[in-house]
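Report on one structure; see the data block that follows.
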Ligand SMILES: Cc1ncc(COP(=O)(O)O)c(C=O)c1O
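Residue numbers (our numbering): 1192 to 1593.
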C-alpha cells in the first residue's frame, strides 16, 4: 500500500499549539534538559553508503536510537522527559516559584516527586522510559502491559522499580485501562498517544523526540531530501515531520510514514481523510508498531506535513533487520530491533518500485534520513529472527562516523 497525501489540510500551516510544542525553542529546551541526564550522549548517525549506491541514491544516514540513554530505543527521550517536566511543574506549583531542571535532585523536589505516581500503557519501550523517569526523580510508576508484551520486555520495565500490571487484550485496551485506573487513584497518566481532551502530556512526550532530528541535522553534511519514519500511533513520525517543517520550511524533505501492513492505522487514516480505528488482525513482528488507532495530535500534524504513507509486510521488516545486522561490504553493522529497521524497509520497498520511486523523486540526488528506532530491546526475539546475538554483531560492527 502506498498513498500520497491527498488530505484537505495537506500543506496548510500547523496548529499554533503544535508549532509551539515542536518548534526550535522547545527542541533547544529538550536538549538543555538532556544535558542534566547522567547518561546523555548523542546517538550515532551512521552512513550506509554502499547500500545507497546499490539503491541508486546519493546517501542514506541512519540515526541509531539503540544507543539512547541506556534504554535501547528513542522512547527514552519522551516518557522520562515528560515525567521530569511534570515533577518540576508540580514542584513549582507547591513551592510558588519556578523550579528549574538544575534543581531536579534537590531535597525539595524529591519531596514532591515522592508523592507522585505516573501511569502509562506500553508495548514495551514507552513504559520503560516512564519507569526510568520516575526512578530518576524518586516517584512511583505503574505500567500497564497487554497480553502481547513479552516477559523479557516486562522484566526490563520492572528493573526500573515500576509496578507492572498485565491487562487482557491489545495495546488500545491497555491504554484505556491505564487512564481509568490512574483517574480513580489520582495518578498522572503519561501516555504516548492522545485522545479528545488529553493532548498536553503526549505533546511533551513528542517534544522529547525532537532531539533526534535536531542532532541529525547538525551532523548531516547536507539536510536530507527524503525522510522515512515508522509509526505506531504516529508520535515519532509527527514529531520528526513537524520539527522538519518548522525549521526547514519550503526546504523540508519529502516525508514518508511507514506502517506495518497488519496494523496500518496511519495509512488507513490517510486513506479515509480522518483518523480511523482499524480492526485488530493477526499480530505483527513489528511489535512496537502494533497500534490500531492513531494519536489525534499526531494525525493533525501528519495530515498537514507528511507527503506519503506506505506499509511494509512482515518479511520486509525482518529482511531489513537482517540486512542491517549483516550488511553488504563497506557498511557498518547496526543492531535494529523488530520495529527499528522499518523506516529503512520502507525506503528499500519504495525505491525498488518504479511507481513509488518516481512519485517520491527518489533519484541519484536523494539524501535519505531514516531512524533505527530501537536496538535489540528483546534480545531473545532478536536472536530468534536474525540468528546472531546482538552482542556479537555490535562487536563486529563499527559505529561509523559521518
Ligand atoms: C521502537 C519503536 N519504533 C517506533 C515506534 C512508534 O512510535 P509511535 O507510537 O510514536 O508512532 C515505537 C513505539 O512504541 C517504538 O517502540
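Ideal placement from N, C-alpha and C gives every residue a C-beta, glycine not left out.
Residues bridged to residue i [DSSP beta-bridge criterion]
i: residue 1222; result: Beta-bridge pairing links residue 1222 to no other residue.
i: residue 1565; result: 1264
i: residue 1254; result: 1236 and 1562
i: residue 1471; result: The partner list for residue 1471 (beta bridge, DSSP) is empty, contrary to what the question assumes.
i: residue 1389; result: 1386
i: residue 1311; result: 1334
Buried or exposed (CB count within 10 angstroms, at least 16 for buried), residue i
i: residue 1441; result: exposed
i: residue 1554; result: exposed
i: residue 1217; result: buried
i: residue 1540; result: buried
i: residue 1163; result: The shown model of the chain, from 1192 to 1593, leaves out residue 1163, and the question about it has no answer.
i: residue 1223; result: exposed
i: residue 1342; result: exposed
i: residue 1413; result: exposed
i: residue 1556; result: exposed
i: residue 1344; result: buried
i: residue 1202; result: exposed
i: residue 1376; result: exposed
i: residue 1207; result: exposed
i: residue 1363; result: buried
Spatial distance of residue i from residue j (CA atoms)
i: residue 1253; j: residue 1237; result: 5 Å
i: residue 1589; j: residue 1523; result: Note that residue 1589 scores a pLDDT of 45, beneath 50, so its modelled location is shaky; the value from the coordinates is reported in the next line. Approximately 5 Å, taken between the alpha carbons.
i: residue 1552; j: residue 1546; result: 10 Å
i: residue 1509; j: residue 1476; result: 8 Å
i: residue 1381; j: residue 1392; result: 6 Å
i: residue 1210; j: residue 1436; result: 10 Å
i: residue 1353; j: residue 1346; result: 10 Å
i: residue 1398; j: residue 1269; result: 7 Å
i: residue 1320; j: residue 1309; result: 11 Å
i: residue 1339; j: residue 1367; result: 16 Å
i: residue 1448; j: residue 1276; result: 29 Å
i: residue 1531; j: residue 1395; result: 22 Å
i: residue 1550; j: residue 1194; result: 10 Å
i: residue 1592; j: residue 1235; result: At residue 1592 the pLDDT is 36, less than 50, meaning the model places this residue with poor confidence; the figure from the coordinates comes in the next sentence. Spanning the two alpha carbons is a distance of roughly 7 Å.
i: residue 1198; j: residue 1463; result: 9 Å
i: residue 1323; j: residue 1231; result: 13 Å
i: residue 1569; j: residue 1288; result: 43 Å
i: residue 1350; j: residue 1331; result: 13 Å
i: residue 1312; j: residue 1451; result: 20 Å
i: residue 1356; j: residue 1369; result: 9 Å
i: residue 1245; j: residue 1528; result: 23 Å
i: residue 1563; j: residue 1248; result: 19 Å
i: residue 1263; j: residue 1315; result: 11 Å
i: residue 1386; j: residue 1466; result: 11 Å
i: residue 1455; j: residue 1482; result: 8 Å
Rounded Cβ spacing between residue i and residue j (contact assumed at less than 8 Å)
i: residue 1577; j: residue 1512; result: 6 Å
i: residue 1425; j: residue 1453; result: Going by Cβ atoms, the distance from residue 1425 to residue 1453 rounds to 16 Å, so no, they are not a contact pair.
i: residue 1336; j: residue 1358; result: 7 Å
i: residue 1251; j: residue 1561; result: 7 Å
i: residue 1421; j: residue 1533; result: 4 Å
i: residue 1457; j: residue 1485; result: 5 Å
i: residue 1558; j: residue 1415; result: 5 Å
i: residue 1489; j: residue 1428; result: 7 Å
i: residue 1333; j: residue 1378; result: 6 Å
i: residue 1431; j: residue 1403; result: 7 Å
i: residue 1526; j: residue 1567; result: 5 Å
i: residue 1317; j: residue 1383; result: 5 Å
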